[in-house]
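Below: one structure, written as structure tokens.
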Amino acid sequence: MDQQNQTIFARPDAMTETVTHYCPGCTHGIIHRLVAEALDDLGVRENTLGVAPVGCSVLIYNYFDTDFLEAPHGRAPALATGFKRMRPDMVVFTYQGDGDLASIGMSEIIHAANRGEKFTTIFVNNTIYGMTGGQMAPTTLPGQVTTTCPAGRDVSRTGYPIRMVELLAALATPAYLQRVSVHTPQHIIQAKKAVRKAFEYQLEDRGFSLIELLSTCPTNWGMTPSEASKWLAENLLPYYPLGCYKDFDKAEGDK
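So for the sequence shown, my numbering puts the first residue at 270; every next one is plus one.
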């Protein structure tokens with residue numbers, strides 16, 4: 270075969286050709302691709318339903334060649350619960366940011382996880398409200414500057430950032446919880462494995478799964494894309510340690 274004509278990198282079938290609206294350096298595009306590649310690899314694109322959130326990825330249904338529903342702010346887990354129970358044969362996932370999931374949607378995600386609802390959540394944590402102007406989020410770091418805390422987050426007034434994966438890991442029912450990052454190629458490779466595994470667990474009917482992906486927001490962080498990746502490594506990783514926090518295969522008694 271003529272090696273010059275080989276395609277070594279192409280758009281996943283699960284993604285459309287629509288140009289995304291994301292800011293330069295935003296890693297939502299990378300995460301979209303990881304989800305799309307997982308759906309393609311598992312051969313489930315035609316049998317998948319995504320639930321769009323309110324936030325930077327509110328227009329995600331334009332970028333995926335799968336069925337989608339739009340949820341009210343924070344209510345994606347409730348919508349996913351209803352649809353998955355109605356159509357258990359479908360692959361269902363929610364795609365949510367930290368403001369959508371950890372603030373207004375906190376009760377929704379906790380109760381869905383506690384019930385062991387059999388869908389997958391892709392949780393993008395960039396520690397800030399991106400779409401609405403860079404306000405403080407539940408995951409904003411201590412001392413981090415945002416438009417609503419220009420002097421930095423004061424934990425004596427607002428409390429500490431919420432570690433969602435650790436919070437959900439205290440529940441008995443989730444099947445798979447892992448935190449990954451997408452700020453370097455090496456981390457992207459690990460993130461791809463985690464995303465695929467979460468969908469595999471859904472196909473195996475194991476229960477609720479959530480992958481938290483640490484992401485950059487250069488625009489609202491006031492940095493260049495390269496500076497944002499470095500800032501993530503130096504600041505987010507110490508507070509949000511990467512790793513698997515719950516795995517059905519490793520659970521007590523699952524041997």
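Beta carbons: idealized from backbone N, C-alpha and C, even for Gly. Everything numeric in this text was worked out from a predicted model, so none of it was measured.
Query raised in the report: For the alpha helix (DSSP H) that contains Ile457, what are its first and last residues?
Result: Reading the sequence shown from its first residue, position 188 is the one you call residue 457. Residues 454 to 472.
Report task. Could you give the DSSP three-state label for Asn395: helix, strand or coil? Result -> The sequence position of residue 395 within the sequence shown is 126, counting from 1. Coil, per DSSP.
Query raised in the report: Does the beta carbon of Leu483 fall short of 7 Å from some heavy atom of the ligand ATP?
Result: By its list of ligands, the structure shown contains no ligand whatsoever, and the ligand ATP lies outside what it can speak to.
Report task. Could you spell out the range, first to last residue, of the alpha helix (DSSP H) harbouring Arg426? Result -> In the sequence shown, counting from the first residue as 1, residue 426 sits at position 157. Per DSSP, Arg426 belongs to the alpha helix (DSSP H) from 424 to 427.
Query raised in the report: Can you tell me the Cα-Cα spacing of Met492 and Thr417, whole angstroms?
Result: The count along the sequence shown starts at 1 and reaches residue 492 at position 223. The count along the sequence shown starts at 1 and reaches residue 417 at position 148. Each residue's Cα considered, the two are about 18 Å apart.
Query raised in the report: Do you know whose CA, among Phe333, Phe477, Leu318, lies nearest Glu306's CA?
Result: Within the sequence shown, residue 306 is the residue found at index 37, counting from 1. That would be Phe333, whose Cα lies nearest to the Cα of Glu306.
**Report entry** Length-filtered (3 minimum) beta strand (DSSP E) runs lying within the segment 343 to 382
**Finding:** 360 to 366
Query raised in the report: Just how far apart, CA to CA, sit Arg422 and Asp367?
Result: As a working mapping, residue 422 is identified with position 153 in the sequence shown. As a working mapping, residue 367 is identified with position 98 in the sequence shown. Straight-line Cα distance between these residues: approximately 16 Å.
Report task. Over the uninterrupted beta strand (DSSP E) stretch that includes Glu481, give me the two end residues. Result -> The sequence position of residue 481 within the sequence shown is 212, counting from 1. Per DSSP, Glu481 belongs to the beta strand (DSSP E) from 478 to 483.
Query raised in the report: Does the beta-carbon distance from Val320 to Leu348 come in below 8 Å?
Result: By one-based count along the sequence shown, residue 320 stands at place 51. By one-based count along the sequence shown, residue 348 stands at place 79. Closer than 8 Å, so yes.
Report task. Please go through the same chain and pick out, in chain order, the residues whose beta-carbon is closer than 6 Å to the beta-carbon of Cys513, but skip the five residues on each side of it. Result -> Counting from one through the sequence shown, the residue named residue 513 turns up at place 244. Excluding positions up to five away in sequence, the list reads Gln447.
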